[in-house]
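Beneath this line is the structure, given in structure tokens, with notes to follow.
Chains as they are written, first to last, in the working numbering: chain A, 1 to 96; chain B, 97 to 187.
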């Protein structure tokens with residue numbers, strides 16, 4: 001019962017990342033939504049899988065978390081670095 | 097500990113439905129945007145959600161082989177996004 005709620009919570013984090021990708025005004029704010037929310041939703045589902053599969057599969061799931069949670073923000077930083085060098089437009093505040 | 101991870105069937109179905117809604121929203125953004133960087137970002141999130149679907153599937157059939165599928169998808173998606181970013185910043 002509780003595991004089902006945690007699974008739905010992890011899935012809704014990725015839905016929030018997809019909604020943020022649509023509704024944010026600029027490239028760099030979109031990158032905030034994707035890198036933070038998407039990686040966190042995946043990590044929650046992976047930790048639930050670690051609780052389900054027992055003690056012998058914890059190193060594999062830790063490797064999964066390492067390759068997913070630690071590399072998604074790094075990839076977002078490299079995208080933003082190349083976007084700065086191509087003079088992308090920065091959103092300066094005020095209403096939408 | 098077993099009462100904690102006894103996942104009912106309706107929870108897995110609802111999570112699949114949420115993943116499908118997120119995938120369709122990303123597809124709309126991929127088609128509709130005019131900027132190349134936003135398309136690269138949408139493709140990165142697309143592969144991340146496919147990875148989450150693989151993990152949910154391994155929880156459903158209770159077979160641990162599908163966790164290695166998610167590992168390979170995450171590694172290849174990271175390499176692809178880094179290659180795209182380096183190419184777009186250079187040309």
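Beta carbons are placed, not taken as given, at the ideal position from N, Cα and C, and that holds for glycine.
(message) For the segment 58-77 of chain A against the segment 106-116 of chain B, do three or more pairs of beta-carbon atoms, one drawn from each stretch, fall closer than 8 Å, so that the two count as touching?
(response) Touching, no, given that fewer than three Cβ pairs across the two stretches are closer than 8 Å.
(message) If the cut-off is 9 Å on Cβ atoms, which residues from the segment 140-163 of chain B count as contacting chain A, listed in chain order?
(response) Those residues of the segment 140-163 of chain B that come within reach of chain A (Cβ to Cβ, closer than 9 Å) are 140, 141, 144, 145, 147, 148, 151, 152, 154, 155, 158, 160, 163.
(message) Does residue 31(A) come out as helix, strand or coil in the three-state DSSP assignment?
(response) It is helical.
(request) Would you tell me roughly how many angstroms separate the C-alpha atoms of residue 125(A) and residue 89(A), rounded to the nearest one? (result) This structure does not reach residue 125(A), given that chain A is present from 1 up to 96, and the question cannot be answered.
(request) Please confirm whether residue 49(A) and residue 151(B) have their CB atoms less than 8 Å apart. (result) Yes.
(request) Determine whether the Cβ of residue 165(B) lies closer than 8 Å to any Cβ atom of chain A. (result) It does not: the Cβ of residue 165(B) has no partner Cβ on chain A nearer than 8 Å.
(request) Using a cut-off of 8 Å between C-beta atoms, extract the partners of residue 116(B) located in chain A. (result) Correct list: empty, because the minimum Cβ distance to chain A is about 10 Å.
(message) So if I threshold CB-CB distances at 7 Å, which residues from the segment 7-28 of chain A count as touching chain B?
(response) From the segment 7-28 of chain A, only 7, 8, 11, 12, 14, 15, 17, 18, 19, 21, 22, 27 have a Cβ closer than 7 Å to chain B.
(message) Whole angstroms are fine: how far does the CA of residue 156(B) sit from the CA of residue 191(B)?
(response) No information on residue 191(B) is available, as it lies outside the stretch 97 to 187 that chain B covers here.
(message) If we define contact as Cβ-Cβ less than 8 Å, is residue 38(A) a contact residue for chain B?
(response) Yes, residue 38(A) counts as interfacial toward chain B.
(message) Under 8 Å, CB to CB, which of the residues in the segment 38-55 of chain A have a partner in chain B?
(response) Among the residues of the segment 38-55 of chain A, those with a Cβ less than 8 Å away from any Cβ of chain B are 38, 39, 41, 42, 45, 46, 48, 49, 51, 52, 53, in the order of the chain.
(message) Helix, strand or coil, according to DSSP, for residue 40(A) in the structure here?
(response) DSSP places residue 40(A) in helix when its eight states are reduced to three.
(message) Give me the chain A residues within the contact set of residue 102(B), using Cβ-Cβ distance strictly less than 8 Å, ordered along the chain.
(response) Near residue 102(B) (Cβ distances below 8 Å), the residues of chain A are 1, 3.
(message) Under 8 Å, Cβ to Cβ, is there at least one residue of chain A near residue 110(B)?
(response) Chain A contact via Cβ: present.
(request) For the segment 121-139 of chain B, enumerate the residues whose C-beta is nearer than 8 Å to any C-beta of chain A, in chain order. (result) Of all residues in the segment 121-139 of chain B, 121, 122, 124, 125, 131, 133, 134, 136, 137, 138 have a Cβ within less than 8 Å of some Cβ in chain A.
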